[in-house]
Every structure is written in structure tokens, then in C-alpha cells.
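Just so you know, the sequence shown maps onto residues 565 to 703 in our numbering. Each residue gets a CB set at the ideal place from its N, CA and C atoms; glycine is no exception. Values in this document were obtained by computation on a predicted structure and should not be read as measured data. First up is the structure itself, then whatever we jot down about it.
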Amino acid sequence: MGLERTLTIIKPDGVEQQNVGDIIKKLEGNQFRIKAVKMVRLMRQQAEKFYAVHRERDFFNDLTRYMSSGPILVLVLEGENAIDRLRDLMGATDPRKAAKGTIRQLYATSIEKNVIHGSDGPATAKTEISYFFSALEVL
Ligand code: CMP
Numbered sequence: 565m566g567l568e569r570t571l572t573i574i575k576p577d578g579v580e581q582q583n584v585g586d587i588i589k590k591l592e593g594n595q596f597r598i599k600a601v602k603m604v605r606l607m608r609q610q611a612e613k614f615y616a617v618h619r620e621r622d623f624f625n626d627l628t629r630y631m632s633s634g635p636i637l638v639l640v641l642e643g644e645n646a647i648d649r650l651r652d653l654m655g656a657t658d659p660r661k662a663a664k665g666t667i668r669q670l671y672a673t674s675i676e677k678n679v680i681h682g683s684d685g686p687a688t689a690k691t692e693i694s695y696f697f698s699a700l701e702v703l
């Protein structure tokens, strides 16, 4: 609780389908402040490192291939209870199960191409932010 930071990624499908503007509008409209932003394209190995916790999952290969398939937009967001609130706004991992009006319900096309990532807890948020940004880059 309190003022928190979280890492969000607009995944390759979101960038490809030009949903970046709509998604950022939704984030800003829900009291998230942008503290850092960059567009990058991950190498396969960088995607594997980011998703290392999922290494044993059967979707790991597909996931890391997809996450390195095109540019992504990476943002640090700040807000009250930002980690849980972002996850609520994103909706369920599987867009078919995502609540109406959530980002995944609106823009995602499959459980893999689910348009947005959000850190799942305070420790993860810290690790994920520092994976992409130096302290100087987070304003
Ligand atoms: P995310 O929760 O951000 O991080 C893990 C990602 O793996 C998830 O989003 C999906 O993009 C992807 N993924 C692909 N298949 C599955 C699956 N069966 N279950 C969960 N995540 C999956």
C-alpha cells in the first residue's frame, strides 16, 4: 500500500497494433504517473533473463520468442497501491477471462499475446525496474 512503483511493458502485439496511445491514456486516466519510459527490442537472451522464473514452464520458448519478436514499450509507473491497481486494470492473463473494460479484454488477442505486463509484487517490481532502468533514468 501507499505510493508504489511498478514496471509495465506494452508487449510486441500492443506496439504492432498501435494501441500504445490508448493504453497510456488509460494508465494516466487511472492515476498512474509515468516516471520513466523507453522503447526497446529485446534479444532472445534478454527476454529469457527477464522471464527466468518461467524457465520450466511449457510456454517459456514461445513466450521468449514472442517477447523478442518486435519492439516493446517499457514504463515505470507510480501511484497509490500501483502494483495491485495495475494488475486490476490489466485484467486476467487470459483475455477471455479478463473483466470488461480491462486493458487485456479490450486489446489482447490470446493468453500469449496479452498486450501488457505488470510486476506481480514489490520485490519483483524493484528487480524488473532495475532490469530496464538505471536510478538516474527514473524521474
Ligand atoms: P505475464 O503474466 O505478463 O507473464 C508470463 C507470460 O507468459 C504471460 O503474461 C503470457 O504472455 C505468457 N503466457 C503464454 N502462455 C501462457 C499460459 N498458458 N499461462 C500463463 N502465461 C502464459
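Exposure label - residue i; buried when at least 16 CB within 10 Å
i    : result
A663 : exposed
M603 : exposed
N678 : buried
P686 : exposed
L629 : Reading off the sequence shown, one finds Arg at residue 629, where the question assumed Leu. Exposed, since its Cβ has fewer than 16 Cβ neighbours within 10 Å.
G620 : As written in the sequence, residue 620 is Glu, which differs from the Gly given in the question. The residue is exposed, with fewer than 16 neighbouring Cβ atoms inside 10 Å.
Rounded separation between residue i and residue j - CA only
i    : j    : result
Q582 : K575 : 11 Å
F697 : K661 : 32 Å
L703 : E642 : 10 Å
A672 : A611 : 20 Å
V657 : L700 : According to the sequence as given, residue 657 is Thr; it is not Val. One C-alpha to the other measures close to 32 Å.
S674 : E580 : 15 Å
G593 : K599 : 15 Å
A590 : V584 : It should be pointed out that residue 590 corresponds to Lys in this sequence rather than to Ala. Their Cα atoms are separated by approximately 10 Å.
R569 : L639 : 10 Å
Presumed contact (8 Å Cβ cut-off) between residue i and residue j, rounded CB distance
i    : j    : result
A646 : F614 : 19 Å between Cβ atoms; not a contact.
S683 : L571 : 5 Å
L606 : S632 : 5 Å
Own chain residues within Cβ distance below 6 Å of residue i, not counting five before or after
i    : result
H618 : F624
Contacting residues, own chain, Cβ-Cβ under 7 Å from residue i (five flanking each side not counted)
i    : result
T666 : L653, M654 and G655
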